[in-house]
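Visitor:
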Amino acid sequence: MEQNLTNVESFGASHSFTTRFGKFLKQLAERPLSLIGTFIVVLFLFIAVTGPLIAPHGYDEFMRDDEGALMRRTEPSLQHPFGTDKDGRDIFSRVIWGTREIILLPGIATTIAVILGTSIGLTVGYYGGWFDEIVSQLMDSLLSIPALVLALVMLGTFGQSEIGIIIVVVLLYTPIVARIIRSTTLNIRTLGYIEAAKLRGESTPYILFREILPGVLPALVVEAALRFSYAIFLIASLGFLGLGVPPPSPSWGRMVEEARGEYLQAPWALWAPVIAIALLVVGVNLMADGLRRIFRHEIDKVS
Amino acid sequence: MEDAIIRVENLFIDYRLGKTWHNVIHDVTLNIRPDTIHGLVGESGSGKSTLALALMRYLAPNARIPSGNITFDGQDLLSKSTREMRDIWGQLISLVPQDSLAALNPSYTVGDQIAEITRRHMGIARRESAERAVEMLHRVKISDPADVAKRYPHQLSGGMLQRVAIAMALSTSPKFLILDEPTTALDVTTQVVILDLFRALIHDNHAAALYVSHDLGTIAQLCDDVTVLYGGEIMESAPVKTLFAAPTHPYTIGLLRSLPRYSEESESRLETIAGIAPSLANRPTGCVFAPRCPIANSQCHAEKPPLTATDDGGLVRCWRWRDVATEGLGEQPKVPLSQAVSAETDKPLLAARNIVKHFGSRSVFDKLTGQLFSPVRAVDDASITIRHHSTLGLVGESGSGKTTLARCIVALNSADSGEIELDELPISNRLNERPKTMLRDMQMVFQNPADTLNPYHTVGQALGRTLKRLSLDALSPAEIESRVVDLLQSVRLTADYAQRYPAELSGGEKQRVAIARAFAADPALVVADEPTSSLDASVQAVIMNLLKDLRIEKGASYLLISHDLDVIAYLADWIAVMYLGQIVEEGSTHAVYASPYHPYTEALISAIPTPDPAIDNPIIYLEGEVPSAKNIPSGCRFHTRCPRKIGAICETEEPPWQDAGEGHCIRCHIDVAELIRQQNSPQEQRRGTR
Numbered sequence: 000m001e002q003n004l005t006n007v008e009s010f011g012a013s014h015s016f017t018t019r020f021g022k023f024l025k026q027l028a029e030r031p032l033s034l035i036g037t038f039i040v041v042l043f044l045f046i047a048v049t050g051p052l053i054a055p056h057g058y059d060e061f062m063r064d065d066e067g068a069l070m071r072r073t074e075p076s077l078q079h080p081f082g083t084d085k086d087g088r089d090i091f092s093r094v095i096w097g098t099r100e101i102i103l104l105p106g107i108a109t110t111i112a113v114i115l116g117t118s119i120g121l122t123v124g125y126y127g128g129w130f131d132e133i134v135s136q137l138m139d140s141l142l143s144i145p146a147l148v149l150a151l152v153m154l155g156t157f158g159q160s161e162i163g164i165i166i167v168v169v170l171l172y173t174p175i176v177a178r179i180i181r182s183t184t185l186n187i188r189t190l191g192y193i194e195a196a197k198l199r200g201e202s203t204p205y206i207l208f209r210e211i212l213p214g215v216l217p218a219l220v221v222e223a224a225l226r227f228s229y230a231i232f233l234i235a236s237l238g239f240l241g242l243g244v245p246p247p248s249p250s251w252g253r254m255v256e257e258a259r260g261e262y263l264q265a266p267w268a269l270w271a272p273v274i275a276i277a278l279l280v281v282g283v284n285l286m287a288d289g290l291r292r293i294f295r296h297e298i299d300k301v302s
Numbered sequence: 000m001e002d003a004i005i006r007v008e009n010l011f012i013d014y015r016l017g018k019t020w021h022n023v024i025h026d027v028t029l030n031i032r033p034d035t036i037h038g039l040v041g042e043s044g045s046g047k048s049t050l051a052l053a054l055m056r057y058l059a060p061n062a063r064i065p066s067g068n069i070t071f072d073g074q075d076l077l078s079k080s081t082r083e084m085r086d087i088w089g090q091l092i093s094l095v096p097q098d099s100l101a102a103l104n105p106s107y108t109v110g111d112q113i114a115e116i117t118r119r120h121m122g123i124a125r126r127e128s129a130e131r132a133v134e135m136l137h138r139v140k141i142s143d144p145a146d147v148a149k150r151y152p153h154q155l156s157g158g159m160l161q162r163v164a165i166a167m168a169l170s171t172s173p174k175f176l177i178l179d180e181p182t183t184a185l186d187v188t189t190q191v192v193i194l195d196l197f198r199a200l201i202h203d204n205h206a207a208a209l210y211v212s213h214d215l216g217t218i219a220q221l222c223d224d225v226t227v228l229y230g231g232e233i234m235e236s237a238p239v240k241t242l243f244a245a246p247t248h249p250y251t252i253g254l255l256r257s258l259p260r261y262s263e264e265s266e267s268r269l270e271t272i273a274g275i276a277p278s279l280a281n282r283p284t285g286c287v288f289a290p291r292c293p294i295a296n297s298q299c300h301a302e303k304p305p306l307t308a309t310d311d312g313g314l315v316r317c318w319r320w321r322d323v324a325t326e327g328l329g330e331q332p333k334v335p336l337s338q339a340v341s342a343e344t345d346k347p348l349l350a351a352r353n354i355v356k357h358f359g360s361r362s363v364f365d366k367l368t369g370q371l372f373s374p375v376r377a378v379d380d381a382s383i384t385i386r387h388h389s390t391l392g393l394v395g396e397s398g399s400g401k402t403t404l405a406r407c408i409v410a411l412n413s414a415d416s417g418e419i420e421l422d423e424l425p426i427s428n429r430l431n432e433r434p435k436t437m438l439r440d441m442q443m444v445f446q447n448p449a450d451t452l453n454p455y456h457t458v459g460q461a462l463g464r465t466l467k468r469l470s471l472d473a474l475s476p477a478e479i480e481s482r483v484v485d486l487l488q489s490v491r492l493t494a495d496y497a498q499r500y501p502a503e504l505s506g507g508e509k510q511r512v513a514i515a516r517a518f519a520a521d522p523a524l525v526v527a528d529e530p531t532s533s534l535d536a537s538v539q540a541v542i543m544n545l546l547k548d549l550r551i552e553k554g555a556s557y558l559l560i561s562h563d564l565d566v567i568a569y570l571a572d573w574i575a576v577m578y579l580g581q582i583v584e585e586g587s588t589h590a591v592y593a594s595p596y597h598p599y600t601e602a603l604i605s606a607i608p609t610p611d612p613a614i615d616n617p618i619i620y621l622e623g624e625v626p627s628a629k630n631i632p633s634g635c636r637f638h639t640r641c642p643r644k645i646g647a648i649c650e651t652e653e654p655p656w657q658d659a660g661e662g663h664c665i666r667c668h669i670d671v672a673e674l675i676r677q678q679n680s681p682q683e684q685r686r687g688t689r
């Protein structure tokens, strides 16, 4: 193995997983902004996982002072780093508890959208013809519906729930992913190695997932990261519009909405969730941009 | 050499890759006199395009000229500013690019684009410049110049575009022209016309030209002087007749010997140049060619030879050129080809009869609007037969349908109609209806080595998977591994290639792996679609030898597709010539090559540029362009361009097959005896000579 690795290194172009991953990290480290983005994303992931352990208070716990009075709208202090809200809850704890939702919901939704979109894009792009025509038109018509209108109708009709939100995001993002994968697949399917696979009688699933998928993977990784950042924004927006996960669970979007009316009395209650959302979205975007730059050549090769 | 129009002295060019500078052009000295065409020949990566563009002081953004001089017409080009160069570019020096479609602006008519140049550089008024553009198009022998001037680039064929590009380049009567592979993308019958245009127009203008090409054939036919470039250095520079008759550099000799030529002795091999071209980063300290040179000695490896003047007025960069000139390189040890398996039966291995494949379907919109529908008739009733242990060469220009016919046979496209028989048993036209044994019997080698292998699978995985899918018996992983090694050895690659990814292989190596993959499960028929067309001459020779060896070792048959008749003539023992979806002539290689009867084959063979300036075969020029496969002429498909058309019968009736003996058949209304008489008449001989 050792000799093998050096052999691969000496050629400068390696595809084996371990060396590839190492090279990838190195390339990421060469771009400070991407590195910062990745660091922010990892930090939020860490908070999402360990949230209950870090948070000093429960998300639904009412703070009382020594006399037992509710501590409404107290300014940030050592005890409550981000202050408390109008109901006397610790904002720091609520932001930390809320991380889980804002990572988990977009994460699950994006994953489903990417898997569905990739499968549809690969199949449609590979078969082509009238099948492609019909499915692509269907996808395009889905894309033409404004995101928030679709969310309002869906969640208004079927009620607000985590599942509902995930379905909305999946409906919105599957066509986008499918479209990108389809166009990349269209370019790959006529290449010699796909024809060689057909000539040895490979099954369609083998051709799609073993021969074509590795080629679309770089484009897919970048797209998934971007979709994730949009999904965070969308879900926060839904929370802000009151269409998110119902109270009392902490949602950054709803925290913004609740604090908005009291901005003059308690500006800190608005700042904390706003900065958290901005930081996470910018972090994911910086990371996605870094990924795009790293995979640029491989993406260019097929599109 | 006092009167040279362009003079390059000790030119060096570096490219920056990452943070280091790599030397790509090393100590080049070149003089081009007016009224001559100077050929610049080299394989890919030799720096020929870099050098050619540098002559007009045009460099890539990451390139620099650390030292050297370029003098054009007495002016030092390197000291000029870009603003000053703009008056030289296009006016005094112009370029004919390889891809003229990409070089022309798609949103202006070609007439406007030619006119713009004369307005910019010669200060001609608008109306006059438009007239001049039409006149220029007339000079490049476009039959309806006023009409063509009003068209957009995408409305013109490749040959027409190349003429437009020439008209553009010549519109200001430049003193120096750079022709960067201007005919590489064209068919041979179009190429001869373009080459003739160059010759005539350049001499009319008393201009000088640098003709860059990898093709020694066109260089020999067009140029007055030739410079051979290797690894960014001049290996040899000499008048064309001297260079081809008595090359003094081992590289030139190797290059000339590696060209395929028709030979009656089918057991011959091509001579090859061992090794691979040097990389940018590791320039040898001695002679750049020493690692591949058969006669290199210790001095060659240690010291770089200087550019020395030869007795014939040429230049050579070799320590041992005098030895080469007197003794030659010596023959390469003749490796005998394995003994040919005699064709055991006359029974055909594969017979494809009346294959028809049309592309394009009528869309719903067209049906609703009642649009007339004309499909692309790519293959239109073509039949071929391949015998056991033989090679059928399928020749034709682009658009003749040869690739589609082959793809129908292996069922990558399913034929609309027609029968295919393998070993006299009918097989399906559809790939998914063919059983595994049939897939094993027919494999294919694809044209483009760049995408023939999946970049994410190792060579071992690619070969192993094919073995696993197609082998008769179930193989254990260990057996597969050992078979992969055997396969790699059969294509002259070492076992460690199994771990490599395609990105680590050169084009020739990729093509060898692709050949190994095709032979993995001992197929009866291998279809090779232009297997060497994107490879350099020295690599092409290696692949052709390999194909020849494997056919004998493995007892397979080939269906070989090529636009290059030399390749076909070297490898095939039976030839079928295709034109617009039909076979027009077929017969043994010897018969077709030595005496092509069909007027199309005759013209095609006459148009091949011979890599020997001493040979001046009469060329038969075909009129016009290949008609579109959407709109195929009635009667004989070739009647629109046929120089021997006899009358109305050619336009109305499909020609019958005629047997000229020994299976040599043609499809023509003219009697074979009459064709032979016409071809041999003395009047005929004169007509074609240039």
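These protein sequence lines map, in sequence, to chains R and H. What the first sequence shows, in numbering that gives the first Met the number 0, is residues 0 to 302, in sequence order. What the second sequence shows, in numbering that gives the first Met the number 0, is residues 0 to 689, in sequence order. Glycine included, every Cβ here is placed at the ideal spot set by N, Cα and C.
Assess contact between the segment 226–233 of chain R and the segment 476–492 of chain H, defined as three or more Cβ pairs (one per stretch) separated by less than 8 Å. Is contact present?
Guide: No, the segment 226–233 of chain R is not in contact with the segment 476–492 of chain H.
Visitor: Histidine 668 of chain H: buried (16+ other C-beta within 10 angstroms of its C-beta) or exposed?
Guide: It is buried - the Cβ of histidine 668 of chain H has at least 16 other Cβ atoms within 10 Å.
Visitor: Run the proximity test for alanine 405 of chain H: is its beta-carbon closer than 7 Å to any non-hydrogen atom belonging to the ligand COA?
Guide: For the structure depicted, the ligand COA is absent and the ligand set is empty, with no information on it obtainable.
Visitor: Taking the alpha-carbon positions, what's the threonine 73 of chain R to phenylalanine 91 of chain R distance?
Guide: Looking at the two C-alpha atoms, the distance is approximately 12 Å.
Visitor: Given leucine 24 of chain R, which residues of its chain have a CB within under 6 Å of its CB, disregarding the five upstream and five downstream residues?
Guide: None.
Visitor: Run through DSSP, which three-state label would lysine 547 of chain H get?
Guide: Helix.
Visitor: Run through the DSSP bridge pairs and tell me what tryptophan 129 of chain R is partnered with.
Guide: Its beta-bridge partners do not exist; DSSP assigns none.
Visitor: Given alanine 339 of chain H, which residues of its chain have a CB within under 6 Å of its CB, disregarding the five upstream and five downstream residues?
Guide: Unreliable placement is indicated for alanine 339 of chain H, whose pLDDT of 47 sits below 50; the coordinate value is still reported in the next sentence. Here the set comprises Ile551.
Visitor: Can you list the residues of chain R that threonine 465 of chain H reaches, using a CB-CB cut of under 7 Å?
Guide: The contacting residues are Arg199.
Visitor: Are valine 444 of chain H and alanine 527 of chain H touching if we call contact CB-CB under 8 Å?
Guide: It is a contact, given that the beta carbons lie within the stated cut-off.
Visitor: Which one or two residues does DSSP pair with phenylalanine 358 of chain H in a beta bridge?
Guide: Beta-bridge pairing links phenylalanine 358 of chain H to H/Val375.
Visitor: Could you name the residues of the same chain whose beta carbon sits closer than 6 Å to that of serine 561 of chain H, not counting the 5 residues immediately before and after it, in chain order?
Guide: Glu529, Ile567.
Visitor: My parser needs the beta strand (DSSP E) runs of 3 or more residues fully inside the segment 109–134 of chain H; what are they?
Guide: Counting whole runs of 3 or more residues, the segment 109–134 of chain H contains no beta strand (DSSP E) stretch at all.
Visitor: I want to verify the contact list: residues of chain R whose CB lies under 9 Å from the CB of aspartate 563 of chain H, in sequence order.
Guide: The premise fails here: aspartate 563 of chain H is roughly 19 Å from chain R at the closest Cβ pair, so nothing lies under 9 Å.
Visitor: Below 8 Å on the Cβ atoms is my guess for alanine 502 of chain H versus leucine 462 of chain H; work out the distance and round it to an integer in Å.
Guide: At roughly 17 Å, the Cβ-Cβ gap does not stay under 8 Å, so alanine 502 of chain H and leucine 462 of chain H are not in contact.
Visitor: Nearest to glycine 82 of chain R by alpha carbon, out of R/His56, R/Leu103, R/Asp65?
Guide: Among R/His56, R/Leu103, R/Asp65, the Cα nearest to that of glycine 82 of chain R belongs to R/His56.
Visitor: Based on DSSP bridge pairs, tell me the residues matched to valine 7 of chain H.
Guide: For valine 7 of chain H, which the question treats as bridged, DSSP gives the partners H/Leu29, H/Ile69.
Visitor: So which residues of chain R does phenylalanine 445 of chain H contact, with C-beta pairs closer than 8 Å?
Guide: Here the neighbours are Gly191, Glu194, Ala195.
Visitor: Please classify glutamate 661 of chain H as buried or exposed, where buried requires at least 16 neighbouring CB atoms within 10 angstroms.
Guide: Glutamate 661 of chain H comes out exposed.
Visitor: Taking only beta carbons into account, state which residues of the segment 398–419 of chain H come closer than 9 Å to chain R, listed in chain order.
Guide: Result list: Arg406, Val409, Ala410, Leu411.
Visitor: Quick one: which residues of the segment 203–214 of chain R get their C-beta closer than 8 Å to a C-beta of chain H? List them in chain order.
Guide: From the segment 203–214 of chain R, only Glu210, Pro213, Gly214 have a Cβ closer than 8 Å to chain H.
Visitor: Taking isoleucine 177 of chain H as the reference, give the member of H/Gln539, H/Cys407, H/Ala53, H/Thr183 with the closest Cα.
Guide: Of the listed residues, the one whose Cα sits closest to isoleucine 177 of chain H is H/Ala53.
Visitor: Quick check on DSSP: helix, strand or coil for arginine 209 of chain R?
Guide: Helix at arginine 209 of chain R.
Visitor: Pairs of beta-carbons, one from the segment 369–384 of chain H and one from the segment 308–325 of chain H, closer than 8 Å: are there three or more?
Guide: No, the segment 369–384 of chain H does not touch the segment 308–325 of chain H.
Visitor: Short check: CB of arginine 406 of chain H to CB of leucine 348 of chain H, under 8 Å?
Guide: No, these two residues do not count as a Cβ contact at 8 Å.
Visitor: Quick check on the DSSP output: the beta strand (DSSP E) that includes isoleucine 426 of chain H runs from which residue to which?
Guide: Element bounds for isoleucine 426 of chain H: 424–426.
Visitor: Thinking just about the alpha-carbon of each residue, which of H/Ser627, H/Pro654, H/Pro617 is nearest to the one in glycine 634 of chain H?
Guide: It is H/Pro654 whose Cα lies nearest to the Cα of glycine 634 of chain H.
Visitor: Measuring CA to CA, which of H/Ile116, H/Ile12, H/Thr108, H/Glu83 is closest to glycine 67 of chain H?
Guide: Ranking the options by Cα distance to glycine 67 of chain H, first place goes to H/Ile12.
Visitor: Candidates H/Gly17, H/Val191, H/Trp88, H/Pro152: which alpha carbon is nearest aspartate 615 of chain H's?
Guide: Of the candidates H/Gly17, H/Val191, H/Trp88, H/Pro152, the one whose C-alpha sits nearest the C-alpha of aspartate 615 of chain H is H/Val191.
Visitor: Which chain R residues sit within Cβ distance under 8 Å of leucine 716 of chain H?
Guide: Residue 716 of chain H is absent from the structure shown; chain H starts at 0 and stops at 689.
Visitor: Do we get a CB-CB distance below 8 Å when we pair threonine 651 of chain H with the residues of chain R?
Guide: False, the Cβ-Cβ gap to chain R never drops below 8 Å.
Visitor: So with CB distances below 9 Å, who are the chain R contacts of threonine 384 of chain H?
Guide: Per Cβ cutoff of 9 Å: no residues; threonine 384 of chain H is ~22 Å from chain R at best.
Visitor: Within 8 Å of any Cβ in chain R, is that where the Cβ of arginine 511 of chain H sits?
Guide: Not one chain R Cβ lies under 8 Å of arginine 511 of chain H.
Visitor: Given a cut-off of 8 Å on the beta-carbon distance, is the pair valine 210 of chain H and histidine 37 of chain H in contact?
Guide: The sequence as given places tyrosine at residue 210 of chain H; valine does not occur at that position. For tyrosine 210 of chain H and histidine 37 of chain H, yes; Cβs fall inside 8 Å.
Visitor: Helix, strand or coil for methionine 55 of chain H, going by three-state DSSP, please let me know.
Guide: Coil, per DSSP.
Visitor: At a Cβ cut of 9 Å, what residues of the segment 515–527 of chain H count as close to chain R, listed as they run along the chain?
Guide: Flagged, chain order: Arg516, Ala517, Ala519, Ala520.
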